[in-house]
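Colleague: Heads up: the sequence lines are chains A and B, in that order. Residues 1 to 398 in this note's numbering are what the first sequence lists, from first letter to last. Residues 1 to 455 in this note's numbering are what the second sequence lists, from first letter to last. Below is the structure I would like to discuss, written out as structure tokens.
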Amino acid sequence: MPDPSSPLHLVAALDGAGWHPAAWREPAARPTELLTAGYWTDLAQEAERGLLDAVTIEDALNLQSDDPFTPDDRTDRVRGRLDAVLVASRVAPTTRHLGFLPTAVVTHTEPFHLSKAIATLDYVSTGRAGVRVQVAARPDTAANCGRREFPPLDRSTAATGQLVTELFDEAAEYVEVLRRLWDSWEDDAEIRDAATGRFVDVDKLHYVDVEGRHFSVRGPSITPRPPQGQPVVAALGHAEVPWRLIGRSADLGFVTPTDAADAARLVAAVRAEQSAAGRDAATVHVFGDLVVVLDDDETAARDRLQRLDERAGTPYRSDAHVFTGTPAQLADLLADWQGAGLTGFRLRPAVLPDDLVQITRALVPELQRRGLFRTGYEADTLRGLLGLTRPANRYAHA
Amino acid sequence: MTKQIHLAAHFPGVNNTTVWSDPASGSHIEFDSFREFAQIAEAGKLDFIFLAEGLRLREQNDRIYDLDVVGRPDTFTVLAALAAVTERIGLTGTINSTFNEPYEVARQFASLDHLSDGRAAWNVVTSWDAFTGENFRRGGFLAQADRYDRAKSFLATAIELFESWRGDEVVADKDGGRFLADPHPGAFAHRDPFFDIAGQFDVPRSPQGRPVVFQAGDSDEGRDFAAAAADVIFSRHSTLEAGQAFYADVKGRLPRFGRSRDELLIMPAATFVLGDTEAEAAELAQEVRLAQVSPATAITFLEQLWNRDLSDHDPDGPLPSVDPVVGENTIARGRASVRMHRDPVATANEWRAKAEAEHLTTRELIVEVTGRQSFIGTPATVAATIDEFVQSDASDGFVLAPHITPGGLAPFVEQVVPLLQERGVFRTDYEGTTLRDHLGLPLRDRDQGARTLAG
């Protein structure tokens with residue numbers, strides 16, 4: 001279990017022009033560049049300047065909408081985006097230390113494809129890859145992809161609850177396929193033995209033979225074991241079913257506490273699932289998600305949020321706590337919540353680049369002064385930054 | 001009029017063309033190899049780099065085939081990363097239409113096109129084998145007869161998705177608060193026996209509108225598919241006569257699909273060996289062939305045609321006297337080439353006649369029938385030959401496959417490209433920014449292609 005007195009880990013959550021729906025209208029926003037490599041490169045390099053552990057990149061297999069479950073026809077919000085894994089891959093070679101956790105929808109995709117994509121992201125970033133897995137229960141997403149049909153979502157019905165439970169179980173099986181495929185080549189499988197003419201030692205390549213409820217995948221992967229062995233797997237959870245996925249399958253869970261006591265409750269809930277999955281010995285980070293509106297003084301931050309809300313037409317509501325204040329006040333909160341058992345935070349900048357720059361240039365120095373954050377990158381891989389060892393290969397025999 | 005030549009570079013692949021045993025051979029997985037390869041190609045002002053794909057490790061005699069390079073990265077992911085370390089060169093990826101779904105592939109290609117400022121291309125391939133399907137949840141394999149139908153439907157559907165955004169929807173007017181000019185952008189609906197999808201595509205129109213489309217099939221159906229919808233054919237006809245026949249055939253099909261001759265380029269795969277003299281090049285070429293066809297590799301090629309275990313056969317002796325096993329190839333799996341042996345007994349008889357006439361051992365025969373390089377000679381003769389092929393309509397250029405990773409392309413770029421530039425048949429710098437610019441292809445109407453395929 002991670003030591004709560006260690007320095008914090010920080011991840012920046014990148015999404016469009018920022019998490020506030022009016023973010024794209026701010027003076028520094030670049031709404032016409034959201035689909036360009038330059039935009040994402042600048043954000044990633046800013047995150048790296050702040051010594052952050054990683055960035056996440058949001059994604060979905062449907063057009064964005066205000067309501068997380070149904071499409072809309074709004075014209076006053078950012079709409080349209082790029083594939084997150086490819087954004088990460090495009091940006092990774094322009095950075096040296098930052099980790100990348102692109103979102104990937106597991107409900108409608110093939111684990112064989114995603115496994116090699118994340119392995120390849122690990123190669124192009126020389127060991128800084130991970131993936132944030134996400135289920136997609138929306139019927140419009142299913143209609144886009146065409147493999148299956150889902151009913152309209154209604155959180156109050158048992159049918160929706162059952163579907164969501166089913167999709168998270170499928171996600172756990174999906175992650176198992178990813179992990180087995182990453183291990184399907186032993187590290188020293190490539191031998192290039194000129195004497196025998198053998199390029200690989202076939203005894204070090206393994207069929208994964210997953211025969212689950214949702215998948216049957218033979219393997220081995222077409223891509224050799226990635227530099228980290230196992231890239232980092234992350235998931236966001238707001239309730240017991242996704243916490244179970246984190247406990248069973250993830251290295252890193254994102255939760256959405258409202259205060260320190262809630263943080264303690266959520267950490268305990270994830271730990272219980274981790275324990276139930278028989279993973280007590282594994283390091284599973286639990287990070288708190290926060291939307292952040294930061295400014296040099298508290299009034300300015302509140303004024304900014306008010307201006308954003310006025311432009312958006314409605315007060316901003318989020319699944320995560322919305323923090324409005326100074327970087328020093330945020331540092332107080334992070335330290336307080338860390339005491340509840342969180343080992344890091346995923347900060348969602350309300351506005352890009354403004355709130356990301358506040359994180360990297362004001363929050364980070366403040367945390368450093370308090371001894372709560374690194375003053376230089378201490379590792380070359382994402383697992384290294386997160387204090388995760390390079391795991392042994394499940395198929396290798398000593 | 002003198003034609004301008006198009007040249008591309010095929011990252012050395014998972015096959016015996018690639019000589020991994022050479023001391024100069026680097027990694028086929030590490031990104032540095034891809035970076036170096038792409039940068040060499042871009043220094044030579046080549047049109048594009050090309051990545052092949054195979055979605056299951058090949059097997060022979062029920063074991064993973066280990067004599068060639070094994071393993072490769074994910075195509076989309078490595079191409080996106082290469083966009084970061086190159087500026088102009090096109091990025092062509094082979095993506096299978098059997099083991100993917102249109103929405104996901106379309107957003108990956110549209111994303112790649114955005115992230116590379118208009119340099120994405122898609123080599124559409126089909127597959128029907130249950131062997132590869134075992135890696136996919138859908139099982140995903142088809143009756144052989146259906147594979148082009150699914151590929152056509154897949155491409156038509158993907159084009160509908162690429163074209164679902166007109167390109168003027170995003171206005172991003174900060175003061176007026178209007179991000180979109182259209183409340184319901186990217187709308188699409190496609191229903192046919194293969195795909196039944198409807199909704200909104202979520203990637204706005206990319207710089208090229210759609211990626212450049214490549215097709216590699218050689219059958220009558222494959223040629224029609226290319227004539228209907230492809231921008232470039234990646235063919236295997238590398239002799240002058242075969243090239244001219246193929247070129248005339250395919251270009252002749254274009255009018256039937258309402259297209260002009262300059263709307264489809266024909267670019268055969270080609271290998272090369274350069275020397276300071278013709279004799280030196282010939283000698284080097286022979287060395288490369290022997291490295292490509294080791295005694296063990298010769299036996300595996302033999303087994304692929306004979307469709308039986310010949311592990312006890314002497315590679316330095318004559319061809320087997322026993323005949324091939326006719327029917328489904330059960331020896332080699334995950335390999336496109338075995339499908340080309342349409343009449344194994346007839347091919348075996350041709351091979352026997354050739355071996356007897358030329359006094360060739362099994363290995364020597366295999367070298368002759370599988371391992372030949374396209375262009376062997378001094379830089380001057382290779383440049384002249386390539387120019388002749390293009391000017392005499394055997395091709396519009398070549399996709400070069402060096403045998404060494406990643407540096408094998410460098411001698412060509414350093415020695416042959418300048419000669420082609422002197423001849424005035426190859427660019428001295430990129431004129432445009434997109435791959436479509438490099439290939440001199442017209443922008444396509446929004447509906448063209450999808451309509452042709454549907455018709």
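Glycine included, every Cβ here is placed at the ideal spot set by N, Cα and C.
State the start and end residues of the unbroken beta strand (DSSP E) segment that holds Asp-173 of chain B.
Modeller: Its beta strand (DSSP E) spans residues 170–173.
Colleague: Can you find a C-beta in chain A that's less than 9 Å from the C-beta of Gly-455 of chain B?
Modeller: Its pLDDT being 47, under 50, Gly-455 of chain B is placed unreliably in this model, and the value from its coordinates should be taken loosely. No, because no Cβ of chain A sits closer than 9 Å to the Cβ of Gly-455 of chain B.
Colleague: Only counting the same chain, and skipping five residues up and downstream in sequence, which positions put a Cβ closer than 8 Å to that of Ile-222 of chain A?
Modeller: These residues qualify, in order along the chain: Lys-116.
Colleague: Measure the alpha-carbon distance for Met-1 of chain A versus Val-241 of chain A and round it to whole angstroms.
Modeller: Any reading at Met-1 of chain A needs caution, since the residue's pLDDT is 47, under 50, leaving its predicted position unreliable; the model's value is listed next. Roughly 21 Å separates the two Cα atoms.
Colleague: For Gln-215 of chain B, count the other beta carbons within 10 Å of its own beta carbon; 16 or more makes it buried, fewer makes it exposed. Which is it?
Modeller: With 16 or more other Cβ atoms within 10 Å, it is buried.
Colleague: Just to confirm the assignment, what range does the beta strand (DSSP E) spanning Glu-190 of chain A have?
Modeller: Start and end: 190–193.
Colleague: Where Gly-455 of chain B and Ala-106 of chain B are concerned, what is the direct C-alpha to C-alpha distance, given to the nearest angstrom?
Modeller: Residue confidence is low: Gly-455 of chain B scores 47 on pLDDT, short of 50, so the model does not pin down where it sits. No coordinate-derived value is stated.
Colleague: May I have the straight-line CA-CA distance separating Trp-122 of chain B from Arg-279 of chain A, to the nearest angstrom?
Modeller: Each residue's alpha carbon lies about 43 Å from the other.
Colleague: Return the chain-ordered list of same chain residues with a C-beta closer than 6 Å to the C-beta of Trp-40 of chain A, the five sequence neighbours on each side being excluded.
Modeller: Excluding sequence neighbours, Trp-40 of chain A sits near Val-87 and Val-91.
Colleague: Determine, using beta carbons only, whether His-10 of chain B and Gly-397 of chain B come nearer to each other than 9 Å.
Modeller: In this structure, Gly-397 of chain B does not lie closer than 9 Å to His-10 of chain B by Cβ.
Colleague: Taking one C-beta from the region 158–171 of chain A and one from the region 35–43 of chain B each time, how about it: are there three or more such pairs within less than 8 Å?
Modeller: As far as the Cβ criterion goes, the region 158–171 of chain A does not touch the region 35–43 of chain B, which means the pair count is below three.
Colleague: Roughly how many angstroms separate the alpha carbons of Lys-45 of chain B and Gly-209 of chain B, rounded to a whole number?
Modeller: Cα-Cα distance, rounded: 23 Å.
Colleague: Got a sec, what are the start and stop residues for the beta strand (DSSP E) Ser-235 of chain B sits in?
Modeller: Taken as a continuous stretch (DSSP letters only), the beta strand (DSSP E) holding Ser-235 of chain B covers 232–235.
Colleague: Along the region 387–403 of chain B, what residues have a CB closer than 7 Å to any CB found in chain A?
Modeller: Against chain A - using a Cβ distance shorter than 7 Å - the region 387–403 of chain B contributes no residues.
Colleague: Under the rule that 16 or more other beta-carbon atoms within 10 Å means buried, what is Leu-52 of chain A, buried or exposed?
Modeller: When all chains shown are included, Leu-52 of chain A counts as buried.
Colleague: For Ile-95 of chain B, which three-state DSSP category applies?
Modeller: Ile-95 of chain B: strand per DSSP, three-state reduction.
Colleague: Using DSSP's beta-bridge definition, name the partner residues of Thr-324 of chain A.
Modeller: DSSP output for Thr-324 of chain A lists A:Val-293 as bridge partner(s).
Colleague: Three or more C-beta pairs under 8 Å: does that hold for the region 83–103 of chain B against the region 47–56 of chain B?
Modeller: Touching, per the Cβ criterion.
Colleague: Since Val-125 of chain B is in the beta strand (DSSP E), which residue starts that stretch and which ends it?
Modeller: Note, Val-125 of chain B: beta strand (DSSP E), 120–125.
Colleague: Could you name the residues of the same chain whose beta carbon sits closer than 8 Å to that of Gly-16 of chain A, not counting the 5 residues immediately before and after it, in chain order?
Modeller: Closer than 8 Å at the Cβ level, and outside the excluded window around Gly-16 of chain A, lie Ala-23, Trp-24, Leu-34, Glu-58, Gln-64, Val-78, Arg-81 and Leu-352.
Colleague: Can you give me the C-alpha to C-alpha distance between Thr-277 of chain B and Thr-381 of chain B, rounded to a whole angstrom?
Modeller: Distance between the alpha carbons of Thr-277 of chain B and Thr-381 of chain B is about 10 Å.
Colleague: Could you pull the start and end residues of the beta strand (DSSP E) that Thr-103 of chain A belongs to?
Modeller: Residues 99–105.
Colleague: Determine the closest residue to Asp-73 of chain A out of B:Ala-187, B:Ala-172 and B:Glu-163, with distance taken between C-alpha atoms.
Modeller: It is B:Ala-187 whose Cα lies nearest to the Cα of Asp-73 of chain A.
Colleague: Please report the straight-line C-alpha distance between Asp-336 of chain A and Pro-204 of chain B, rounded to a whole angstrom.
Modeller: Taking the straight line joining both Cα atoms gives about 43 Å.
Colleague: Closer than 7 Å between beta carbons: that is the criterion. Which residues of the region 133–162 of chain A meet it against chain B?
Modeller: Of all residues in the region 133–162 of chain A, Asp-140, Ala-143, Asn-144, Cys-145, Gly-146 and Arg-147 have a Cβ within less than 7 Å of some Cβ in chain B.
Colleague: Taking any Cβ of chain A, which residues in the region 39–55 of chain B have a Cβ under 9 Å from it, in chain order?
Modeller: Answer in chain order: Glu-53, Gly-54 and Leu-55.
Colleague: What are the uninterrupted segments assigned as alpha helix (DSSP H) that are 4 or more residues long and contained completely in the region 58–108 of chain B, given in chain order?
Modeller: Taking only runs of at least 4 residues, the alpha helix (DSSP H) segments lying wholly in the region 58–108 of chain B are 75–85.
Colleague: Name the DSSP bridge partner or partners of His-6 of chain B?
Modeller: In the DSSP output, where bridge partners are listed per residue, His-6 of chain B has B:Gly-397.
Colleague: Go ahead and pull the three-state DSSP assignment for Glu-280 of chain B.
Modeller: Correct three-state label for Glu-280 of chain B: helix.
Colleague: Determine, using beta carbons only, whether Ala-172 of chain B comes closer than 9 Å to chain A.
Modeller: Judged by the 9 Å Cβ criterion, Ala-172 of chain B is in contact with chain A.
Colleague: Checking contacts by CB at 9 Å: is Asn-15 of chain B closer than that to chain A?
Modeller: No, because no Cβ of chain A sits closer than 9 Å to the Cβ of Asn-15 of chain B.
Colleague: Between Gln-64 of chain A and chain B, is the shortest Cβ-Cβ distance under 9 Å, so that the two count as touching?
Modeller: Judged by the 9 Å Cβ criterion, Gln-64 of chain A is in contact with chain B.
Colleague: Where does Phe-188 of chain B sit, in a helix, a strand or coil, going by DSSP?
Modeller: Phe-188 of chain B: strand per DSSP, three-state reduction.
Colleague: Quick check: what's the CA-CA separation for Glu-273 of chain A versus Gly-199 of chain B?
Modeller: The straight-line gap from Cα to Cα measures roughly 37 Å.
Colleague: Could you check whether the Cβ of Pro-4 of chain A sits closer than 9 Å to any Cβ belonging to chain B?
Modeller: Low local confidence applies: a pLDDT of 47 at Pro-4 of chain A is under 50, so the model's placement there is unreliable, with the coordinate-based value given in what follows. Taking Cβ atoms only, chain B never reaches closer than 9 Å to Pro-4 of chain A, which makes this a no.
Colleague: Which residues in chain A have a C-beta closer than 8 Å to the C-beta of His-184 of chain B? List them in chain order.
Modeller: Per Cβ cutoff of 8 Å: Asp-73.
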